[in-house]
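Quick mapping for you: the protein sequence lines, in order, are chains A and P.
Just so you know, we're using our numbering here: the first sequence kicks off at 9 and counts up by one.
Just so you know, we're using our numbering here: the second sequence kicks off at 9 and counts up by one.
Written out below as structure tokens is the structure these notes cover.
2 protein chains.
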Amino acid sequence: MLSHNQIKFINSLKIKKFRQQHKAFIVEGEKSVNELLASKLITRQLFATTQWIEKNGSRLTAKNVECQEITENELQKVSDLTTPNQVIAIAEIPDANGALPYDSTKMLLALDGIRDPGNLGTIIRTADWFGIETIVCSTGSADVYNPKVVQATMGSFARTNVVYTDLREFLAHLNAGIPVFGALLKGQLLTEKHFTQPGIILIGSESHGISDELIPFINEPIYIPRYADDTKSSYAESLNASIANGIICYEICKQLFKKYF
Amino acid sequence: MLSHNQIKFINSLKIKKFRQQHKAFIVEGEKSVNELLASKLITRQLFATTQWIEKNGSRLTAKNVECQEITENELQKVSDLTTPNQVIAIAEIPDANGALPYDSTKMLLALDGIRDPGNLGTIIRTADWFGIETIVCSTGSADVYNPKVVQATMGSFARTNVVYTDLREFLAHLNAGIPVFGALLKGQLLTEKHFTQPGIILIGSESHGISDELIPFINEPIYIPRYADDTKSSYAESLNASIANGIICYEICKQLFKKYF
Chain A
9 MLSHNQIKFI NSLKIKKFRQ QHKAFIVEGE KSVNELLASK LITRQLFATT
59 QWIEKNGSRL TAKNVECQEI TENELQKVSD LTTPNQVIAI AEIPDANGAL
109 PYDSTKMLLA LDGIRDPGNL GTIIRTADWF GIETIVCSTG SADVYNPKVV
159 QATMGSFART NVVYTDLREF LAHLNAGIPV FGALLKGQLL TEKHFTQPGI
209 ILIGSESHGI SDELIPFINE PIYIPRYADD TKSSYAESLN ASIANGIICY
259 EICKQLFKKY F
Chain P
9 MLSHNQIKFI NSLKIKKFRQ QHKAFIVEGE KSVNELLASK LITRQLFATT
59 QWIEKNGSRL TAKNVECQEI TENELQKVSD LTTPNQVIAI AEIPDANGAL
109 PYDSTKMLLA LDGIRDPGNL GTIIRTADWF GIETIVCSTG SADVYNPKVV
159 QATMGSFART NVVYTDLREF LAHLNAGIPV FGALLKGQLL TEKHFTQPGI
209 ILIGSESHGI SDELIPFINE PIYIPRYADD TKSSYAESLN ASIANGIICY
259 EICKQLFKKY F
């Protein structure tokens, strides 16, 4: 049985201010909670249906995680999902790792003002697929611990390191010679580029693209080719930020990394 | 000034049943309405702020479109956007074109149960970027005329032909030898595939992937390589449907089409 105070507390974590105050965030649903329990992140508490507890009880004992049994109806009162899914966890927000020094043997994503939670979550999920662990977000980006972002990562929130910082400062303090890739209309065709070393992929916001103040840091501008026949009078003007990111990650990783799973 | 009945009518178009009944849908915001007015689609009526009308009045006269002046406050009452943007149009749903016969000189997308409006819109926008005009959706997919889908296409709704049909029937009636590409765990590495002719890209739903009954139609299974170091104990299980679609479109179009804009 969920008390009024518990309902209030869980729902408060849908708001950034309270997540920061309590250093806690919500993880919902079977898949995401499984990924949470398998990760290094600390699970403070679980609220789950009888069905879920019967299936997962032994893992909880092993991890020494407190789990409170609740009904589907109670879950509905605290869930952020349209269709609540058996379990909701309260996890601890880890201490932020710095983004510097940048490990130049690895790819890194830098996100400039991604505000849509679904886009941010999808970008984190894609980064994880391509083996990119560190994602540096500008301070104006959506919060990775927003339940909608956590949900959209499909578990990848537990395997990636998302850092918030002043991107201008971050890019200004990189060592010389680090490639900074960014999609620009005047970039080189992605289909013709040869990538020789890992670097930083800079992705602009959904509505404003890459900020003017960050464009000078791009030393490897990229253009994703657009195909169409001559008969059209107008064309798509741009790709969604998460799609552009997916295509760029795919092409760079294909050229640089030979090991796949 | 918007009448009570006008407000009721516009808001009713957020529901599929009423869109079908009135053969009408909503297009919102400067960019999308511009794309609508530049397209072959029929604009039945416009509601816009003074500011928008002053800027666009001459185009309306040329196109003979009725435009009613409304205030920002009135726009708020009918808008589906968090931040309403100057103009809302009522457009006519065109008569559906059939998906067959399939023109085998062109790429085509087949979407199997994409239910998230944002995903569907993003997929249509990506298709448009890569010069793919025809998108065949299974009957259980989200409705292209849902305002959230229209919005996510960023204008591409006006340049693409989205058809709803029984996908099994559609695939069963293709001529022999037409490539049907689909992402499957046991597919051939996309990075190693050589594409020699256009075909159909089959994309599965966000939650269930490609339906069992459609899998036998895939004659060119694809696997998008996943990269990661050995040190991890778990990996991302899949990519978002719209990201997988973007990467597959990119690689196929890169190999098949030399003309870009």
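Beta carbons are placed, not taken as given, at the ideal position from N, Cα and C, and that holds for glycine.
Query	Result
Where A:Y243 falls: helix, strand or coil (DSSP)	coil
Endpoints, alpha helix (DSSP H) assigned at A:V86	E80 to V86
P:E245 versus A:K194 - alpha carbon distance	35 Å
Positions along the stretch 177-196 of chain A whose CB lies within less than 8 Å of some CB in chain P	none
Neighbour flag for A:A70 against chain P, beta carbons, 9 Å	no
Those residues which DSSP pairs with P:Q29 across a bridge	According to DSSP, which records beta bridges pairwise, P:Q29 is partnered with nothing at all.
Spatially closest choice to A:R123 from A:A166, A:I208, A:G217 and A:K114, by CA coordinates	A:G217
P:N127 to P:L45 span [Cα, whole Å]	25 Å
Helix, strand or coil at A:A249 [DSSP, three-state]	helix
Min CB distance A:P102 to chain P below 9 Å	no
DSSP three-state assignment for P:L54, whether helix, strand or coil	strand
C-alpha gap between A:S164 and P:Q28, whole angstroms	39 Å
Residue(s) in a DSSP beta bridge with A:C75	A:L54
Per-residue burial, A:T130 [other beta carbons within 10 Å of its own, 16 or more giving buried]	buried
CB contact check: A:T58 to chain P, cutoff 9 Å	no
P:E43: contacting residues in chain A (beta-carbon distance under 8 Å)	S242
Cβ contact (3+ pairs, closer than 8 Å) linking the stretch 107-120 of chain P and the stretch 195-213 of chain P	yes
Residues of its chain near A:A107, where Cβ-Cβ distance is below 6 Å and the 5 sequence neighbours each way are ignored	V144, V171, T173 and F178
Bridge partners - P:G217, DSSP secondary structure assignment	P:S213
Spatially closest choice to P:C261 from P:Y235, P:K201 and P:A249, by CA coordinates	P:K201
Cβ-based neighbour list, P:L68, same chain, cut-off 6 Å, excluding 5 preceding and 5 following	C75
Buried versus exposed, by CB contacts within 10 Å (16 or more), A:M9	exposed
contact_flag[the stretch 92-101 of chain P, the stretch 132-148 of chain P] where n(CB pairs < 8 Å) is 3 or more	no
Which of helix, strand or coil DSSP assigns to P:T199	helix
Buried or exposed (CB count within 10 angstroms, at least 16 for buried), A:A150	buried
Reference A:N183, options A:L264, A:T113, A:Q14 and A:D103, closest by Cα	A:T113
Neighbourhood of P:E228 by C-beta, 6 Å cutoff - its chain only, sequence neighbours within 5 removed	P187 and F189
Any C-beta of chain A under 9 Å from that of P:C75	no
Chain-ordered neighbours of P:K267 on chain A, where CB pairs are closer than 7 Å	Y235
Range covered by the beta strand (DSSP E) that runs through P:L128	Element bounds for P:L128: not the beta strand (DSSP E) but the alpha helix (DSSP H), P125 to W137.
Contacts that P:L247 makes with chain A (C-beta to C-beta distance below 8 Å)	R133, T134, W137 and G254
Beta-carbon separation (whole angstroms), A:I96 vs A:F33, contact threshold 8 Å	That pair is no contact at about 11 Å.
Beta carbon of A:E82 nearer than 9 Å to that of A:I15	yes
CB contact below 9 Å: P:M9 versus chain A	no
Within-9 Å CB hit, A:A46 to chain P	yes
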